[in-house]
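Numbering of the sequence shown is given in numbering that gives the first Met the number 0, commencing with residue 0 and proceeding in unit increments. Beta carbons: idealized from backbone N, C-alpha and C, even for Gly.
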Amino acid sequence: MSEIFYVVAWLLFISFLIAGSWEYFRRPKIRQTVKHALIWFGIFLSVTLMHTYRFELIQIKDRVLANLFPGGSFGTKPGMMNFPISPDGHFYIQARVNGVAVRFLADTGASDIVLTPDAAKRLGFDPEQLSFDRIYQTANGMGRGATIQLAEMKIGELRLENIRASVNESPMSASLLGMSFFNRLKAYKVKNGILTLYYN
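Following this line, the structure appears as structure tokens:
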């Protein structure tokens with residue numbers, strides 16, 4: 000608190016110095032002098048506060064954007080990314096797979112990376128030509144998947160190559176990022192509604 004008081008007092012002093020210079024050269028009325036002093040004080044205070052809390056403001060901006068566009072990360076630092084929980088209680092992660100945008104649902108209960116049939120088509124796979132020979136136990140019962148190989152997956156600065164994945168035979172609301180993805184990370188954690196991925 001004492002530091003803030005010192006900064007405010009110093010800025011107020013500078014503002015009146017500037018206002019005094021203005022009065023010396025222009026001889027304005029006292030009311031006009033006070034007006035200019037307050038304007039300069041507001042400018043200096045705003046700039047100082049923005050500079051002091053620039054990192055916090057960046058994090059707030061990133062978090063707002065991440066909530067407006069589900070799947071986006073915020074508060075990103077080298078080697079880590081944060082993803083906020085969505086209103087439906089899930090974590091969504093926006094990725095680029097082989098250069099194509101794919102929205103994933105983070106699911107540590109799933110063993111593999113699983114693409115929806117629609118996402119597979121956008122990546123150039125024809126579900127009718129795939130062999131659905133893998134059996135999965137899901138919350139909705141037994142399901143079948145076809146094994147595929149993905150050349151590249153990018154999430155922010157994270158880049159993975161040669162990823163084994165599956166295409167689900169039945170439609171799904173979102174593709175899944177299962178443990179085969181999370182096991183390739185350095186670490187991950189969920190705390191206070193934030194999923195944090197650590198890599199490198």
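Exposed or buried, what is residue i when buried is set at 16 or more other beta-carbons lying within 10 Å of its beta-carbon?
| i | result |
| --- | --- |
| SER288 | Because the chain in this structure spans residues 0 to 199, residue 288 falls outside the shown range and cannot be described. |
| LEU176 | buried |
| MET152 | buried |
| MET80 | buried |
| VAL101 | buried |
| ILE38 | exposed |
| GLY78 | exposed |
| PHE154 | Reading the sequence as shown, one finds Ile at residue 154 and not Phe. Counting Cβ neighbours within 10 Å, ILE154 comes out buried, since at least 16 surround it. |
| ASN199 | exposed |
Report the option in the options whose CA atom is closest to the CA atom of residue i.
| i | options | result |
| --- | --- | --- |
| LEU157 | LYS190, TYR197 and ALA164 | TYR197 |
| ILE87 | MET141, ASN161, ASP111 and ALA105 | For the sequence presented, residue 87 should be read as Asp rather than Ile. Comparing Cα positions, the closest option is ALA105. |
| ARG183 | TRP39, PRO116 and SER110 | SER110 |
| ARG95 | PHE82, LYS76, GLY78 and ALA118 | ALA118 |
| LYS190 | ARG133, SER179 and PHE82 | PHE82 |
| PRO170 | THR115, SER45 and THR47 | THR115 |
| LEU159 | LYS185, GLN136, ILE134 and PHE40 | LYS185 |
| PHE124 | VAL99, PHE40 and TYR135 | VAL99 |
For chain B, find out if any of its Cβ atoms is closer than 8 angstroms to the Cβ of residue i; answer yes or no.
| i | result |
| --- | --- |
| ILE162 | Although the question refers to chain B, the structure presented lacks it and comprises just one protein chain. |
Determine the contact status of residue i and residue j, defining contact as a CB-CB distance below 8 angstroms.
| i | j | result |
| --- | --- | --- |
| SER165 | VAL113 | yes |
| GLY144 | GLU168 | yes |
| PHE90 | LEU194 | yes |
My guess is that residue i and residue j are in contact by the Cβ rule of under 8 angstroms, so how many angstroms apart are they, rounded?
| i | j | result |
| --- | --- | --- |
| THR107 | PHE181 | 6 angstroms |
| ILE92 | GLY192 | Not a contact, Cβ separation roughly 15 angstroms. |
| ASN97 | LEU129 | With 8 angstroms as the limit, ASN97 and LEU129 do not qualify as a contact, their Cβ atoms being about 16 angstroms apart. |
| THR146 | ARG163 | 7 angstroms |
Within the stretch 75-121, ranges of the beta strand (DSSP E) (whole runs, at least 3 residues): 79-83, 91-96 and 99-105
Uninterrupted beta strand (DSSP E) stretches inside the stretch 139-170 (no shorter than 3 residues): 140-154 and 157-167
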